[in-house]
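In this note's numbering, the protein residues as written are 34 to 470. The beta carbon of each residue, even a glycine, is placed where N, CA and C say it ideally should be. Just so we're clear, the structure is a prediction, and the values are computed from it rather than from any experiment. Encoded as structure tokens, the structure appears first; notes follow it.
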Amino acid sequence: MLLVKKIKSQKKEILKTVKGTRDILPEEARVLRKIEEKARGVAEYYGFKPIQTPHLEQTELFTASLGEATEMVEKQMYSFHTRGGDYLTLRPEGTAPIMRSYLEHGMKTWPQPVMLYYNGSFFRHESPQKGRWREFGQFGLEILGDASPVSDAIIIRVSTLILEEIGFKNIIVHINTLGDKECRGVYRKELVQYLRRKVNYLCPDCKKRLKKNPLRVLDCKNEECREIKEGAPQMIEYACADCRAHFKDVLEFLDELKIPYFLNHFLVRGLDYYSRTVFEFMPSDERDQKTSHLSLGGGGRYDYLAAALSSKNIPAAGAALGMDRITELAKELGISPLRKKEPKLFLIQLGDYAKRKSLSLVEDFRKANVPLAMSFSRDSIASQLKIAVKSGATLVLIIGQKEAYDETIIVRDIETRIQETVPLNDLLNFIKAKLKK
Ligand code: HAM
């Protein structure tokens, strides 16, 4: 009753998913699981440990860290007052919660740096469009407690390795430096002066940005603003000696690791907590003209985030990969991260007693790590054989009433149609020997 809504003339309309959210159906869910598995594998190999934080956080965590004047805080957060009087937000991103967790659990006393990864859902009230969901998945990596450029490079290395492992070949890292508090302040002044002179030519959004968050003008995709951006002063020219040295080191690491990058002076990222290095992972496959402006992931250094949440100073760097965009693009480019080995065996069971016997047989195969396909819901041998052929099986195992009582099973080669009767207690060895051939 809860799932259906009564409409005129007694017709019942099925309730649908909320705008900007979606069901991930089995076929895509399998691809997604595989991608997550690969991401986890690479992250663990490089020494990252898993962490899980709640979907709900105090709203203040985000307003204090992401920046009051950011689009995320101004327009995109799902925030609400609870009956108990708390003001909570569905997490729009994972970095502030990870830093909160680091501070809350005294991770400063753990061996530094603390390297963490996470995977889960995030929520932003955006206009739904291709690659932009209101609930979306991110796989994130964070290195907390290290100020050196090696951490920036490791984050980029591990993220690009994950993308390569999934099957993307043409990922390019767009990279920029935002300097630190001091040199960015000087740059900001210069930029504002320059933009003020052009204010009449800026789009209405950028006119607002100029007052609240001028660096975001550089990020504007609007045609009118493009030309103005081209002539704007660039951060790198204003970076202090330390920030320049840091950026140079990161780039040298990337050169050494042969990671292709593009110095994008317009890359500013949408969150206030970044300092020094910022980057985004862009697909550069020509076949993908439509999605190429959407980043598959992004991140950077956030040395001031801890100070915005506490009196501590904890340098850190991280990135998050957008799982929805990754699965979508993989599909468009025909990349299959599954590359799954289809089971070569198909089990056909006829009659109740045979079905019961089959259950323990399936368990023996699972324990022995031998993939076995079957269709428990079909009864006739013809329909089960049809599915077996369709699944690409080369051997079928047939157990009927007679075989079940005799403790045997028929093994039939689909191609040659030759079949042998094998005792059940010898089946696994028999099959293993056959598959080896
Ligand atoms: P972000 O750039 O906002 O960074 O998000 C990272 C990635 O999540 C994006 O590049 C994109 O692939 C995906 N993404 C973002 N919004 C959406 C959406 N509405 N629908 C689908 N995918 C989306 C962060 O969130 C930072 N916390 C990353 C970070 C980690 N920085 C340091 N550490």
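For T454, the CB contacts under 7 Å within the same chain, skipping 5 residues up- and downstream, are T441 and I443 in chain order. K281 and Y111 have their alpha carbons spaced roughly 39 Å apart.
Close CB contacts of E436 within its chain, under the 6 Å cut and outside five residues either way in sequence, are with I442 (chain order).
Across the structure, L457 and G330 are spaced so that their CA atoms are roughly 51 Å apart. Secondary structure note for T96: its alpha helix (DSSP H) is the uninterrupted segment T92 to L99. Relative to the ligand HAM, the nearest heavy atom lies less than 7 Å away from the CB of S328.
Of all alpha-carbon atoms in R221, A339, N297 and A274, the one lying nearest the alpha-carbon of T128 is that of A339. Membership of I431 in the beta strand (DSSP E) is indicated by the continuous run L428 to I432. A straight-line Cα-Cα distance of about 15 Å links G264 and Y271. The beta carbon of V64 sits closer than 8 Å to those of T360, A363, K364, S369, P370 and L371, all from its chain and outside the five residues before and after it, given in chain order.
In the displayed model, I442 falls within a strand according to three-state DSSP.
One Cα belongs to G53, the other to E69, and the distance between them is close to 22 Å.
For L460, no beta strand (DSSP E) encloses it; the enclosing alpha helix (DSSP H) starts and ends at L460 to K469. Between the ligand HAM and T86, a heavy atom-to-CB distance of less than 7 Å is absent.
Under the rule that a run must span 4 or more residues, the alpha helix (DSSP H) segments found entirely inside the region 353-420 read 356-365 and 385-400. Given a length threshold of 4 residues, each whole run of the alpha helix (DSSP H) inside the region 172-208 is given here in chain order: 182-199.
Spatial neighbours of Y335 in its own chain (CB-CB distance under 6 Å, excluding positions within 5 residues in sequence) are listed in chain order as Y306, Y307 and A349.
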